[in-house]
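Residue numbers (the UniProt record's numbering): 1 to 427. No residue lacks a Cβ here, since even glycine has one placed at the ideal position from N, Cα and C.
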Ligand code: DAH
């Protein structure tokens, strides 16, 4: 992947069973059901929290017990439940809301009243909607418990806004934009967070639109798509150099990524393509062609607003929130001060079911947003075939200095839970 590794990249741009994200190593993607189950079974003994709240999500009332369950088919931790319904993309003074509105402006200017906008669709979706309806193969790594949050075996927290494509097409929408929070189990660093935001766009053409043009429907849609998205990139980034990269997505053919040259690097902006005919056919649109795109809002907002760490989007510290103004794209964020990180290493003998995502979930569960990075710094296998990993955890608050005492306590908690929940042997 030529683009820089910047905030969550598109997920499906590799064929089945390859990595879902280029920061992954092969071992991380070698998921097995037993690993998921063993990680979950430890949760079974967990104290059950009483229902503390019910959220209104996309017009549906959802109680905590509907999302977090002591059940082997559920892997949603409390920390993730706590993010549901926050809808950062619907705040006009938040960088994600400002960016969303700037994209809306582009579509409103160029296609007045054409695109239907959805930004309040419920993030709990069926496995069918999230994967099957957009033709994600049955063995694709993104379906694993290691990568996706399952509420039960048939329900997930959407891992992309593409989860709404098929339903909206079935309902007869032909031009639409879907913005929403999406959820992925992932590693910990300054550009990865288990909740982030995407926008999906779809446009359907009818035969009379391309028949007079002399090119076939697919070519017509592909060139319209490129023109539309190049215009969007210029609207957001100014007169930048761009390039199109051929890629693979299960839901489009041909598929492309758009990259722009920005701040001396090639930055992947979005994934897109001509919608697979099968998706249109299943929604009753046999004679049409369509294009679709998906983009990650954090990835773009981080470069547009100079936001150095993805955790900042979740900060309610006024020194962050007060810097952004409704309607002003690209105001540069001024860090209020940089507090020192504290590094703690831990080594253990892994087992077959160990995954970095499971480790990171424990670290986030204990340290929350104080966890800045979890990095594998040593990895070896001894003569007996036992493999040892050493992880370096960086703790840092965006808002204050941490005391030695509190970091030590966090680290002891992490060690304790890693040992118990992951069944590894600490060294
Ligand atoms: N759903 C993809 C992802 O999360 C992004 C994407 C790529 C959406 C291509 C699309 C598309 O609609 O056509 O990685």
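Contact test: residue i Cβ vs the ligand DAH heavy atom, cutoff 7 Å
| i | result |
| --- | --- |
| residue 252 | yes |
| residue 200 | yes |
| residue 290 | no |
| residue 249 | yes |
| residue 431 | This structure leaves residue 431 out entirely; the chain is present only between 1 and 427. |
| residue 255 | yes |
| residue 272 | yes |
| residue 294 | yes |
| residue 140 | no |
| residue 89 | no |
| residue 389 | no |
| residue 115 | no |
| residue 12 | yes |
| residue 160 | yes |
Extent of the continuous alpha helix (DSSP H) to which residue i belongs
| i | result |
| --- | --- |
| residue 280 | 277–282 |
| residue 103 | 95–110 |
| residue 61 | From DSSP, residue 61 is part of no alpha helix (DSSP H) but of the beta strand (DSSP E) over 60–63. |
| residue 127 | 127–130 |
| residue 217 | 217–237 |
| residue 80 | 78–81 |
Beta carbon of residue i nearer than 8 Å to that of residue j
| i | j | result |
| --- | --- | --- |
| residue 95 | residue 336 | no |
| residue 276 | residue 135 | yes |
| residue 338 | residue 195 | no |
| residue 99 | residue 376 | no |
| residue 348 | residue 425 | yes |
| residue 197 | residue 182 | yes |
| residue 341 | residue 396 | yes |
| residue 153 | residue 73 | yes |
| residue 417 | residue 374 | no |
| residue 398 | residue 299 | no |
| residue 58 | residue 120 | yes |
| residue 156 | residue 292 | no |
| residue 64 | residue 81 | yes |
| residue 231 | residue 110 | yes |
| residue 269 | residue 260 | yes |
| residue 290 | residue 204 | yes |
| residue 358 | residue 422 | yes |
| residue 115 | residue 175 | yes |
| residue 272 | residue 252 | yes |
| residue 142 | residue 262 | no |
| residue 274 | residue 254 | yes |
| residue 411 | residue 344 | yes |
| residue 388 | residue 308 | no |
| residue 188 | residue 360 | yes |
| residue 75 | residue 149 | yes |
| residue 222 | residue 167 | no |
| residue 429 | residue 88 | With the chain covering 1 to 427 only, the question about residue 429 has no answer from this structure. |
| residue 305 | residue 285 | no |
| residue 91 | residue 97 | yes |
Below-8 Å beta-carbon distance, residue i vs any chain C residue
| i | result |
| --- | --- |
| residue 239 | You won't find chain C in this structure, because it holds only one protein chain. |
DSSP beta-bridge partners of residue i
| i | result |
| --- | --- |
| residue 301 | The partner list for residue 301 (beta bridge, DSSP) is empty, contrary to what the question assumes. |
| residue 163 | Answer by DSSP bridge pairing: none, since residue 163 is not bridged. |
| residue 179 | 199 |
| residue 152 | 155 |
| residue 266 | 261 |
| residue 172 | DSSP, once it has assigned bridges, lists no residue as partnering residue 172. |
| residue 272 | 256, 293 |
| residue 204 | 290 |
| residue 124 | 157 |
| residue 189 | 192 |
Extent of the continuous beta strand (DSSP E) run through residue i
| i | result |
| --- | --- |
| residue 57 | 54–57 |
| residue 118 | 116–118 |
| residue 247 | 241–249 |
| residue 295 | 289–296 |
Whole runs of the alpha helix (DSSP H) within the stretch 308–341, excluding any shorter than 4 residues = Within the stretch 308–341, the complete alpha helix (DSSP H) runs of at least 4 residues are 318–321.
Report the residue ranges of all beta strand (DSSP E) runs contained in full by the UniProt domain "FDX-ACB" (337–427); include only those spanning at least 3 residues, in chain order.
-> The UniProt domain "FDX-ACB" (337–427) is shown to contain whole beta strand (DSSP E) runs of 3 or more residues at 342–349, 371–381, 387–395, in chain order.
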